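S.K.:
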Amino acid sequence: MKVFEANVSIKVLEFFSTTLGRVNSITELNEIIYRTSGIINFLSDDIEYGELKERVLLSENLVEEPDRTEYGDFQTNSQLAFKVAEYLACQSLSPELVIEPTCGKGNFILAVLHYFSTVKTIIGVEIYKPYTWESKFSIIDFFLSNPNSNRPDIHIYHCNVFDFDFRESAKGYLNSEILIIGNPPWVTNSKLGSLNSNNLPRKSNFKNHTGIEAITGKGNFDIAEFIASSLIDTFQRFKGSLVFLVKNSVVKNIVFDQQKRKYSISAMQKHVIDSKKEFNVSVESCLFYCRFNASPEFHCVEYDFYSNQEPLLKFGWFENKFVSRIDTYKQVGQFDGASPLIWRQGLKHDCSSVMELERKNDTFSNGLQEEVSIEEDLVYPLLKSSDLKGKVLSRTRKFTIVTQKNIGQDTKYIKSQYPNTFSYLNAHSDYFNSRKSSIYVNKPQFSIFGIGEYSFKPFKVAISGLYKTMHFSLVLPVNEKPVMLDDTCYFLGFDKLEFAVFTQILLNSETVQELLRSITFQDAKRTFTKDVLMRIDLLKVAEGISMDYLNSQLKDLNQKFHLILDSKLWFNFKRELTPVSNTQLVMFT
Ligand SMILES: C[S@@+](CC[C@H](N)C(=O)[O-])C[C@H]1O[C@@H](n2cnc3c(N)ncnc32)[C@H](O)[C@@H]1O
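The sequence shown begins at 1 in my numbering and counts up one residue at a time.
#1: Between which two residues does the beta strand (DSSP E) harbouring I181 extend?
#2: When you compare only the Cα positions, how much space is there between G316 and V512?
#3: Among all the DSSP beta bridges, which residues are the ones paired with V490?
#4: Indicate the three-state DSSP secondary structure (helix, strand or coil) for V56 in the structure shown.
#5: Across which residues does DSSP place V269 in a beta bridge pair?
#6: If you count every other CB in all the chains shown that lies within 10 Å of the CB of Q236, and 16 or more means buried, which is it?
#7: What number of angstroms, rounded off, separates the C-alpha of N572 from the C-alpha of A542?
#8: Which residues does DSSP list as the beta-bridge partners of D153?
#9: Any heavy atom of ligand 1 closer than 7 Å to the CB of V272?
#10: Cβ-heavy atom distance between P340 and ligand 1 below 7 Å?
#11: If the criterion is Cβ atoms closer than 8 Å, does the pair P340 and L577 meet it?
#12: For N366, which three-state DSSP category applies?
#13: Nearest to C290 by CA position, among K247, E70 and A228, is which residue?
#14: Closer than 7 Å to a non-hydrogen atom of ligand 1 - does that hold for the CB of E126?
#15: Following the continuous alpha helix (DSSP H) through Y549, name the residue where it begins and the one where it ends.
#16: To the nearest angstrom, how far is it from the Cα of C286 to the Cα of T76?
#17: Rounded to whole angstroms, how far is the Cβ of E514 from the Cβ of V323, which I believe are closer than 8 Å?
#18: The alpha helix (DSSP H) that contains G193, what's its start and end?
#19: Is the closest heavy atom of ligand 1 to the C-beta of P184 under 7 Å?
#20: Taking all protein chains shown into account, decide if A85 is buried (16 or more other Cβ within 10 angstroms of its Cβ) or exposed.
#21: Between E213 and Q404, what straight-line distance do the alpha-carbon atoms span, to the nearest angstrom?
#22: Within the continuous beta strand (DSSP E) that includes F318, where are the two ends?
#23: Tell me whether E86, by its Cβ, gets closer than 7 Å to a heavy atom of ligand 1.
#24: So does Q75 have its beta carbon nearer than 7 Å to some heavy atom of ligand 1?
#25: Between which two residues does the alpha helix (DSSP H) containing R575 stretch?
#26: Which term fits M268, buried or exposed, when burial requires 16 or more other beta carbons within 10 angstroms of its beta carbon?
#27: Would you mind stating whether V532 and T520 have Cβ atoms separated by less than 8 Å?
#28: Cβ of F108 within 8 Å of Cβ of I181?
#29: Could you work out which residue in N175, Y128, P381 and I273 is closest to K239 when comparing CA atoms only?
#30: Give the straight-line distance between the Cα atoms of V301 and T69, rounded to the nearest whole angstrom.
#31: Please go through the same chain and pick out, in chain order, the residues whose beta-carbon is closer than 6 Å to the beta-carbon of F166, but skip the five residues on each side of it.
#32: Is there contact here, the stretch 461-468 with the stretch 432-441, by at least three beta-carbon pairs under 8 Å?
#33: For T400, write down the residues that DSSP places opposite it in a beta bridge.
#34: What are the start and end residues of the alpha helix (DSSP H) that includes S429?
#35: Return helix, strand or coil for L13, following the three-state DSSP convention.
#36: Can you give the beta carbon distance from E498 to L569, rounded, assuming they're within the 8 Å contact cut?
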């Protein structure tokens, strides 16, 4: 940026922009500049003062960019783009046609120009006009500095990627090697929905989800996933490869959907990058690579982008199961089946400031810092994800009001049987009425979910769905009351302490830990879900465990937690894990 025909750095420009907003005269401004820099009489007259204001305001208009959230705008820094191209050059790629489907400021195009002398044509598409100019200026700059470089035909189109006919533009390259490279927008269709944006493919339900799946979030997808899948679909029979910087979840979905789509792609690779460093975002991302025109493959090999040495792991489809570590799974896959016990998610009320309490002497206090004096009957001890750290838990820091024994139970009884509890809940009915989820609509007052007979089992084995640690805690009753878990936790409930302990020992065994490591994805929003936990075939694990191991674990628990457990009931336990008939289970519902 130039002011008075002199180059001005962004920092100085920002300084003037804020300072000019605070002063009303040349004298005031000159005074501030003197104090800041020692320069006397920086401006000599009002004409200069007026000119400076005009230029700085103009530059503000130029510098200020519109909100680009709906365009998922995270430009790749040139260092990273060059490192990617360098890596590809080392893989002996020699593309003749290069396509950057959402080229932004053009850093991938510049990196390609730098590393590949085989390129004959480059096609860049970008929806934001200033970026197309920036790409073009940078390309001119590149050739001014490198006049002897290979000079392909370069087309930079100002166009919507969803309207661009890539197949048509690649018509003459059926037998040449092509490279599709880029970093498509980081934004999901649901985010676009909330922004009222139409930066969407026309076929926005491309995953063919049902209406209910769309509501539960399964219909949510990244625009980058749509762009990657469409380009793979279009170019799968061409010679060449696709290389995209994308969120890890996009790669996982592409590999997952490969079983159904069977695209002619192979050699899928995921090179994990440091998104915080490269893009200053907290979402996990990577460089995805695949080759076209091959027999379909169904797994992806993972590397660290920066060290790029040995593969870290291999994930994808193995014998009809989608797993996160294929090699580990090969050792423990036999325990991947159906749990004989039903895993439950904890209590859901979406009203924690009213429903969750802490004990204060003889009364309770709620999340609004109010003192709460209610009958104790409906108040139960509560554990949340962050509490599930120890091996055995017999105390809780929180409590929760449990208004129903099962889903949909009429709550009118509270008023007659527990008048103080009713007055308290009723005084906070606004909080209940403003719960957003549609599950509460037309349900009894103060309704909760994730409640049933199983919630009141005295002994539980629980795990947090949010944490990455595979640790199962034994939860004991507190003051003879069963402990509730919140809805970030999953648990199994038991009437007999021994059965809970045996289950905990099985779940914390190396076999189950390895199984979970091989079927859970560390970058998932919830590492553990009911679906994952229901895959643990506890009966098979029980059959494979030695009595010596069991007894040593019991001894350890007895010593550390002053329990008196033995293995006498082990065979009863195993018998009860065994289905009576084909599908019916005996012990737990
Ligand atoms: C994550 S940025 C990456 C830009 C560039 N590929 C890079 O690597 O630096 C995504 C780019 O996609 C562009 N974009 C978003 N929606 C688009 C659309 N519908 N058509 C074309 N470009 C789009 C944005 O303007 C932005 O420049």
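Where is the CB? At the ideal position from N, CA and C, for every residue including glycine.
Quick caveat, the model's predicted, so the values are computed rather than measured.
M.R.: According to the structure data:
#1: As a first step, residue 181 must be located in the sequence shown, where it is residue number 181. First-last of the beta strand (DSSP E) with I181: E177 to G182.
#2: By one-based count along the sequence shown, residue 316 stands at place 316. By one-based count along the sequence shown, residue 512 stands at place 512. Distance between the alpha carbons of G316 and V512: 20 Å.
#3: Locating residue 490 in the sequence shown gives position 490, counting from the first residue. The amino acid at residue 490 is misidentified as Val; the sequence shows Tyr. Answer is Q345 and I463.
#4: As a position in the sequence shown, residue 56 is number 56, starting the count at 1. Helix.
#5: Residue numbering aside, residue 269 sits at position 269 when the sequence shown is read from its first letter. In the sequence as presented, Val is not what sits at residue 269; that position holds Gln. DSSP lists Y289 and V301 as partners of Q269.
#6: Along the sequence shown, read from residue 1 onward, the residue named residue 236 stands at position 236. When all chains shown are included, Q236 counts as buried.
#7: Walking along the sequence shown from the start, residue 572 turns up at place 572. Walking along the sequence shown from the start, residue 542 turns up at place 542. Distance between the alpha carbons of N572 and A542 is about 12 Å.
#8: In the sequence shown, residue 153 corresponds to position 153, counting from 1. D153 pairs with T121.
#9: By one-based count along the sequence shown, residue 272 stands at place 272. Result no, Cβ not under 7 Å from ligand 1.
#10: Taking the first residue of the sequence shown as 1, we reach residue 340 at position 340. Checking the Cβ of P340 against ligand 1 gives no.
#11: Your numbering for residue 340 matches position 340 in the sequence shown. Your numbering for residue 577 matches position 577 in the sequence shown. Yes. Within cutoff.
#12: The residue labelled residue 366 in the question sits at position 366 within the sequence shown. Strand, per DSSP.
#13: What you label residue 290 is simply residue 290 of the sequence shown in a count that begins at 1. Closest option to C290, Cα to Cα, is A228.
#14: As a working mapping, residue 126 is identified with position 126 in the sequence shown. Flag set: Cβ of E126 near ligand 1.
#15: Position 549 of the sequence shown holds residue 549. Counting along the chain, the alpha helix (DSSP H) containing Y549 begins and ends at M547 to F561.
#16: As a working mapping, residue 286 is identified with position 286 in the sequence shown. As a working mapping, residue 76 is identified with position 76 in the sequence shown. Between C286 and T76, the C-alpha separation is close to 12 Å.
#17: By 1-based counting over the sequence shown, the position of residue 514 is 514. By 1-based counting over the sequence shown, the position of residue 323 is 323. Their Cβ separation, rounded to whole angstroms, is 12 Å, which puts E514 and V323 out of contact at 8 Å.
#18: Locating residue 193 in the sequence shown gives position 193, where the first residue counts as 1. Its alpha helix (DSSP H) spans residues N189 to S194.
#19: Along the sequence shown, one-based indexing puts residue 184 at 184. True, at least one ligand heavy atom lies under 7 Å from that Cβ.
#20: Start at 1 with the first residue of the sequence shown, and residue 85 comes out as number 85. Looking at its Cβ environment, which holds 16 or more other Cβ atoms inside 10 Å, A85 is buried.
#21: As a position in the sequence shown, residue 213 is number 213, starting the count at 1. As a position in the sequence shown, residue 404 is number 404, starting the count at 1. The predicted position of E213 is uncertain, since its pLDDT is 49 and thus under 50; a value taken from the coordinates is nonetheless stated next. Cα to Cα, the separation comes out at about 28 Å.
#22: Against the sequence shown, residue 318 aligns to sequence position 318. From DSSP, the beta strand (DSSP E) with F318 extends over L313 to F318.
#23: Stepping through the sequence shown from its first residue, residue 86 is reached at position 86. No, ligand 1 has no heavy atom inside 7 Å of this Cβ.
#24: In the sequence shown, counting from the first residue as 1, residue 75 sits at position 75. Yes, since a heavy atom of ligand 1 falls inside the 7 Å radius drawn around the Cβ of Q75.
#25: By 1-based counting over the sequence shown, the position of residue 575 is 575. Taken as a continuous stretch (DSSP letters only), the alpha helix (DSSP H) holding R575 covers W570 to L577.
#26: If you number the sequence shown from 1, residue 268 lands on position 268. It is buried - the Cβ of M268 has at least 16 other Cβ atoms within 10 Å.
#27: Position 532 of the sequence shown, counting from 1, holds the residue named residue 532. Position 520 of the sequence shown, counting from 1, holds the residue named residue 520. Against a cut-off of 8 Å, the Cβ pair of T520 and V532 comes out as a contact.
#28: By one-based count along the sequence shown, residue 108 stands at place 108. By one-based count along the sequence shown, residue 181 stands at place 181. Cβ distance < 8 Å, so F108 and I181 count as in contact.
#29: Residue numbering aside, residue 239 sits at position 239 when the sequence shown is read from its first letter. Looking at the Cα atoms, N175 is the closest of the given residues.
#30: Here residue 301 corresponds to residue number 301 of the sequence shown, with the count starting at 1. Here residue 69 corresponds to residue number 69 of the sequence shown, with the count starting at 1. So the two alpha carbons sit approximately 31 Å from each other.
#31: Start at 1 with the first residue of the sequence shown, and residue 166 comes out as number 166. Here the set comprises T234.
#32: no
#33: Taking the sequence shown and counting its residues from 1, the one referred to as residue 400 is at position 400. DSSP, once it has assigned bridges, lists E356 and Y380 as partnering T400.
#34: One-based indexing of the sequence shown puts residue 429 at position 429. S429 to N433 is the extent of the alpha helix (DSSP H) around S429.
#35: Walking along the sequence shown from the start, residue 13 turns up at place 13. If DSSP states are grouped into helix, strand and coil, L13 belongs with the helices.
#36: Here the question's residue 498 lines up with position 498 in the sequence shown. Here the question's residue 569 lines up with position 569 in the sequence shown. Sure, about 5 Å apart at Cβ, within 8 Å.
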